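Okay, so here's the structure we're looking at.
Protein chains in written order, with the numbering used here: chain A, 784 to 1169; chain B, 2 to 374.
Here it is in structure tokens:
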């Protein structure tokens, strides 16, 4: 049975060129980048080459890029270290109810340590309101953390407007760009972004690799303590092969390539929705129905079919899609994003799935997915009628 | 070998050795096996960790060893509504319920069965020790397991033939040591895992403490039927008929016979105690039971003789069953039976076949109801 992978928002397969790069660097560049001898210097030069590429990808300066272990660490350091460093300016932080756990958990941590956090509501399309943000902004607000695009429903936040609003305010602006990085045109200067998190494995790169953009004028102490790597901003010996792989992954994300992907993902989305209609599957789209949005994410409420049941059945038919996160004992927890969007509709929260496309996704995958979900849906629907 | 590859069996895997071996054997027989862990109880602690986590990890280990997909399904709501609520209600009535019987009827062989069918199952299986025989008339006969000591037909007695239609018992023909041996030979991760004890949601925790979280304990007097006060009890729900431990009554210097719970009076909140294992108040001639449920609706007449168990792991006693209206039965014993306990299941057998069950309401001696609730 051909496997169909439609969970690219969770992670993506590593591309051939990245594998080649990692394998090469793993074999030939074992030197510690912090040493003065040639073997170390050659590692260091790879590090710095990649840093320039990454900086260019968001219109930043190279000394504004800090390599980290990925999105989670970048979010954690940006939030916790900002709070710590700026507590003399205030202890109030603003974020949204639909952030990733890598943002929400640090917020909870800070709340337990004397900080006050305001969580912006979203409407049923997943949108925050700028007005609401304005109203929550206070003199003692030190940080606003709002994701660029949401990983569950693909809603895209008005980053430019938020940046404008915060331009003359003391609060730092952090955005989790983990999902948006592979598709969107990002410019930290145009949008007045102070801190930005990314991850390599969402763009066909390796796991446990990413960067934190930190505006040059901002001083934050290192979250991970130890050696003086990354100009004392992140301790730990750099993972040269992974970072080099990250560089190759970013290299392939040209403007043309991004546009090509967006066109492809939009056509996949249209095809799926059309076929769901043709097969009389009752559904609603969760999240934005029009641009702007993260084109690779399609979240739908399949009415009457519990998420876990649909997910398991599709897995048994070789299809990987997402449906929320599992608790430590494996069963699904209701999504906090859908709960924020549909607080009075638990059925919708518990009967929704996320399909996410990637550069490897083919037309064939979409056809197989449709064929298999229709089959499963009809069987489950029949069981319900019997 | 028969081609079973098109037959899907969804196995309820608890993370124990019995269900591990069940899944393993079915896979060996070529079935399309899917493992499902049932999460029936939420005991998540302040760190967000629950005991189910470890068990689910064991399921994952074994499923990977066998080479089958595995999932976790949450039945907490169903368990709470259909099993736990009943469990508490019975305690409130001063009875000693048997949640494992109802867990099988309502959760494992109902909610789980329905879920499995939705996963495309042709059959379900678990780690239960019991056997099944399908006769030429299409009746499903539930038979005792080969291992007398592990036979679980007592807990499965409330199932209907219809529920059994979709069931396979892979290990009913084996003894526990044989099951362990298979697990060892196959190198299963759970081969040496300790058997779980007690009721699933309480686990090995302190039962008294657990119950006190849900029901207020009402301490009262402990006395003999002659009115002699022997001390205080901590709440009637903590005691069961025939219990010896935990009374805290010393020998009386006469015969030094141990003391037992021989009765309860819920309305007066009195716990009756009596001396000696063979205390006369502990013996009954017959009982009344409700909610009689038969695996097969076979006409055995208004009154018939068979054997019965009144609690798990008890030897069978000869009984005469009389069917009354409203699924009530009167069960008369060939010989007096000790510590018949309201709330427990009386389970009927014909030789090796389990016929069905009913819930004990009252026990009688010389046509007089024993003061048990």
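Ideal Cβ placement from N, Cα and C applies to all residues, glycine included.
Predicted, not measured: the structure shown is a model, and the values here were computed from it.
Rounded C-alpha distance that separates residue i from residue j
| i | j | result |
| --- | --- | --- |
| residue 909/A | residue 355/B | 57 Å |
| residue 1122/A | residue 800/A | 40 Å |
| residue 1140/A | residue 967/A | 15 Å |
| residue 294/B | residue 328/B | 8 Å |
| residue 227/B | residue 337/B | 23 Å |
| residue 1048/A | residue 21/B | 43 Å |
| residue 57/B | residue 872/A | 47 Å |
| residue 61/B | residue 7/B | 23 Å |
| residue 48/B | residue 1128/A | 29 Å |
| residue 1089/A | residue 787/A | 21 Å |
| residue 1105/A | residue 897/A | 36 Å |
| residue 866/A | residue 860/A | 10 Å |
| residue 829/A | residue 807/A | 12 Å |
| residue 890/A | residue 811/A | 41 Å |
| residue 1066/A | residue 1137/A | 13 Å |
| residue 85/B | residue 100/B | 7 Å |
CA nearest to the CA of residue i, picked from the options
| i | options | result |
| --- | --- | --- |
| residue 132/B | 157/B, 89/B and 247/B | 157/B |
| residue 933/A | 1120/A, 1131/A, 1038/A and 990/A | 1120/A |
| residue 858/A | 793/A, 906/A, 824/A and 1006/A | 1006/A |
| residue 304/B | 285/B, 37/B and 330/B | 330/B |
| residue 941/A | 1020/A, 923/A and 973/A | 973/A |
| residue 169/B | 343/B, 59/B, 268/B and 12/B | 12/B |
| residue 79/B | 104/B, 59/B and 64/B | 104/B |
| residue 951/A | 975/A, 993/A and 916/A | 975/A |
| residue 789/A | 835/A, 912/A, 1115/A and 1051/A | 1051/A |
| residue 1017/A | 1033/A, 992/A, 888/A and 1125/A | 992/A |
Endpoints, alpha helix (DSSP H) assigned at residue i
| i | result |
| --- | --- |
| residue 104/B | 100-104 |
| residue 830/A | 821-840 |
| residue 309/B | Element bounds for residue 309/B: not the alpha helix (DSSP H) but the beta strand (DSSP E), 304-310. |
| residue 66/B | 52-67 |
| residue 1156/A | 1146-1168 |
| residue 24/B | 18-29 |
| residue 854/A | 854-859 |
| residue 891/A | 884-894 |
Per-residue DSSP class, three states only, for residue i
| i | result |
| --- | --- |
| residue 963/A | coil |
| residue 42/B | coil |
| residue 798/A | coil |
| residue 233/B | strand |
| residue 223/B | strand |
| residue 80/B | helix |
| residue 370/B | strand |
| residue 131/B | coil |
| residue 1023/A | helix |
| residue 997/A | strand |
| residue 919/A | helix |
| residue 992/A | coil |
| residue 1067/A | strand |
| residue 250/B | coil |
| residue 969/A | coil |
| residue 89/B | helix |
| residue 155/B | helix |
| residue 939/A | strand |
| residue 984/A | helix |
| residue 316/B | coil |
| residue 293/B | strand |
Residue i - containing beta strand (DSSP E), residue span
| i | result |
| --- | --- |
| residue 1038/A | Run containing residue 1038/A: none in the beta strand (DSSP E); it sits in the alpha helix (DSSP H), 1038-1061. |
| residue 1085/A | 1080-1085 |
| residue 12/B | 9-13 |
| residue 411/B | For chain B, the structure presents residues 2 to 374; residue 411/B sits outside this window and is missing. |
| residue 210/B | Where residue 210/B is concerned, there is no enclosing beta strand (DSSP E), although the alpha helix (DSSP H) it sits in stretches over 208-213. |
| residue 141/B | 141-144 |
| residue 350/B | 346-351 |
Check: the region 67-91 of chain B: which residues have C-beta closer than 7 Å to a C-beta of chain A, in chain order?
Finding: Taking 7 Å as the Cβ-Cβ cut-off against chain A, the residues of the region 67-91 of chain B that qualify are 70, 72, 73, 74 and 75.
Checklist line | Residues within the region 139-172 of chain B neighbouring chain A, beta-carbon criterion of under 8 Å | finding: The region 139-172 of chain B vs chain A, Cβ under 8 Å: nothing.
Check: Which residues, in order along the region 1114-1131 of chain A, keep a beta-carbon less than 8 Å from a beta-carbon of chain B?
Finding: So the close ones are 1114 and 1115.
Item checked: Within 7 Å of chain A by C-beta, residues of the region 31-48 of chain B in sequence order -> The region 31-48 of chain B vs chain A, Cβ under 7 Å: 35, 38 and 40.
Item checked: Contact set between the region 7-31 of chain B and chain A, restricted to residues whose Cβ is under 7 Å from the partner -> Per Cβ criterion, the list is empty.
Checklist line | Positions along the region 106-121 of chain B whose CB lies within less than 9 Å of some CB in chain A | finding: Result list: 115, 116, 118, 119, 120 and 121.
Item checked: Interface residues of the region 325-357 of chain B facing chain A [CB-CB below 8 Å] -> Hits within the stretch: zero.
Check: Which residues, in order along the region 851-870 of chain A, keep a beta-carbon less than 7 Å from a beta-carbon of chain B?
Finding: Interface annotation for the region 851-870 of chain A against chain B: empty, criterion Cβ-Cβ distance under 7 Å.
Notebook entry, point to check: Got a sec: which bits of the region 1087-1107 of chain A sit with their beta carbon under 8 Å from any beta carbon on chain B, in order along the chain?
Noted result: Using a CB distance below 8 Å, the part of the region 1087-1107 of chain A facing chain B consists of 1091, 1092, 1095, 1096, 1098 and 1099, ordered along the chain.
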